[in-house]
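Everything on this sheet refers to the single structure shown next.
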Amino acid sequence: MALTPAAAAPQRLGRSGDERRASERRLVRDAQRGSAEALETLFRREWPRAYRAAYLVVHDAAVAEDVAQEAFLAAVRALDRFDRRRPFGPWMHRIAVNRAIDVSRARALRREVDAAAAAPEEAPPDRPSLPFSDELLGALRELGPEQRAIVALRYLFEYTPGEIARALELPRGTVNSRLRRALDRLAELLPEEVAP
Numbered sequence: 084m085a086l087t088p089a090a091a092a093p094q095r096l097g098r099s100g101d102e103r104r105a106s107e108r109r110l111v112r113d114a115q116r117g118s119a120e121a122l123e124t125l126f127r128r129e130w131p132r133a134y135r136a137a138y139l140v141v142h143d144a145a146v147a148e149d150v151a152q153e154a155f156l157a158a159v160r161a162l163d164r165f166d167r168r169r170p171f172g173p174w175m176h177r178i179a180v181n182r183a184i185d186v187s188r189a190r191a192l193r194r195e196v197d198a199a200a201a202a203p204e205e206a207p208p209d210r211p212s213l214p215f216s217d218e219l220l221g222a223l224r225e226l227g228p229e230q231r232a233i234v235a236l237r238y239l240f241e242y243t244p245g246e247i248a249r250a251l252e253l254p255r256g257t258v259n260s261r262l263r264r265a266l267d268r269l270a271e272l273l274p275e276e277v278a279p
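Heads up: the sequence shown begins at 84 in the working numbering, then just goes up one per residue.
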């Protein structure tokens, strides 16, 4: 299996994409005005994808669920400052991915401090459905959280390097180099599976 963008990734804007964006803008406007129904719809639309992105960074289903929930709550708290002209999904994913990176770093530091900590467990059977093989998921664990986040945004959500740079507030060159290093490392770990 080659590492290719997921078929279920967000559609690029076309007629249905334009309609989805208009619907999303209405939902955000209504949520900003206090509509619980609009918030619930936004949650149902974006939380599963934020959860999958968080899982790819932290590799722990329970932690990824917490991260995605915290990200959605953070988005709700900041919703009054959100610019409705921008898409909600990438903003939500940015919050989730950044939070997942922070959690992953903190967990790594705790493991370093606690020498008796056990090695990371294999993915639990209740992990999210992902378009990647078990071998690829295992190899992703070998990458740093920043590289995992960029790989997730690029190949799960099909964001361009420019969109990733804006979402993570990084220079585009940094995104490109992290993505290239991540793909090179994955190719070393899985020479048969990764086709950069």
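Every residue gets a Cβ at the ideal spot worked out from N, C-alpha and C, and that includes glycine. These figures come from a predicted structure and were not determined experimentally.
Rounded to the nearest angstrom, the Cβ distance from Glu153 to Arg190 is 15 Å, too far for a contact under 8 Å. When the beta-carbon positions are compared, Ala250 and Arg177 come within less than 7 Å of each other.
Fewer than three pairs of CB atoms, one per stretch, sit closer than 8 Å, so the region 138-146 makes no contact with the region 110-127. Ala119 and Leu110 have their C-alpha atoms roughly 10 Å apart. Exposure of Ala161 is indicated by the presence of fewer than 16 other C-beta atoms within 10 angstroms of its C-beta. Per the coordinates, the alpha-carbon of Leu156 lies some 30 Å from the alpha-carbon of Gly221. Just measuring C-alpha positions, the residue of Ala147, Ser187, Gln115 sitting nearest Asp163 is Gln115.
Here DSSP, grouped into helix, strand and coil, assigns Ser260 to helix. Ranked by Cα distance from Leu226, the options Ala144, Ile184, Ala248, Asp166 are led by Ile184. For Pro131, the uninterrupted alpha helix (DSSP H) run begins and ends at 119-141, by DSSP. Counting the other CB atoms within 10 Å of its CB gives Ser260 a total below 16, which places it among the exposed residues.
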